[in-house]
Amino acid sequence: MEEVIVKPVIAKEILESLKAKTEEEKQVIVHCCFPASPFLGNLIRIWHSTYLFDNQSEHRSKLIHAENISISPYWTAVPFMKDFWFTLIFSGLPKGCKSFDLKEVIPEEGGFFVESIKRNSSDVYRVKISES
């Protein structure tokens, strides 16, 4: 005999509370391309002090996770003459944000910088990285 599983009823107040928390926890995914380089032995890394700066407010979204790139002090080798892709995941941007900058705030020259990225509804982006 099969056991019948009854779908639970969740109180409307709890659902609304969870919806608000989900909106607070939204994340921003940025797929980054480091363009092909004619130089052998290129190394790159990302610092924890990389942020998304909202152009309409003082808000900055923190780097939560990085894929396919090392976090400082470690380095990642870049293939010779091939575009190199990595992914950065940031905490959510404010609802009113229309555009933002990706900036690596570091104590040396050569930090990554992408200016005025236009916000979209999915909060998933593809950008080409340049040095500031």
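Following this note's numbering from start to finish, the sequence shown increments by one per residue and tops out at 205.
Note that beta-carbon positions come from the ideal geometry of N, C-alpha and C, so glycine has one too.
For residue i, which residues from the same chain have a beta carbon less than 8 Å from its beta carbon, with the 5 sequence-adjacent residues on both sides left out?
{"i": "residue 171", "result": "128, 129, 191 and 192"}
{"i": "residue 188", "result": "174"}
On a CA-only basis, which of the options is nearest residue i? Give me that one, please.
{"i": "residue 138", "options": "83, 132, 118 and 150", "result": "118"}
{"i": "residue 132", "options": "140, 168, 113 and 114", "result": "168"}
{"i": "residue 182", "options": "83, 120 and 196", "result": "120"}
{"i": "residue 140", "options": "195, 99, 194 and 103", "result": "103"}
{"i": "residue 186", "options": "195, 196, 203 and 198", "result": "203"}
Please go through the same chain and pick out, in chain order, the residues whose beta-carbon is closer than 7 Å to the beta-carbon of residue i, but skip the five residues on each side of it.
{"i": "residue 134", "result": "101, 124, 125, 163, 164, 165 and 166"}
For residue i, does the count of other Cβ atoms within 10 angstroms reach 16, so buried, or fall short, so exposed?
{"i": "residue 105", "result": "buried"}
{"i": "residue 151", "result": "buried"}
Please confirm whether residue i and residue j have their CB atoms less than 8 Å apart.
{"i": "residue 136", "j": "residue 116", "result": "no"}
{"i": "residue 179", "j": "residue 159", "result": "no"}
{"i": "residue 108", "j": "residue 156", "result": "yes"}
{"i": "residue 76", "j": "residue 122", "result": "no"}
{"i": "residue 196", "j": "residue 85", "result": "no"}
Please list the terminal residues of the continuous beta strand (DSSP E) segment that includes residue i.
{"i": "residue 172", "result": "172-177"}
{"i": "residue 159", "result": "157-164"}
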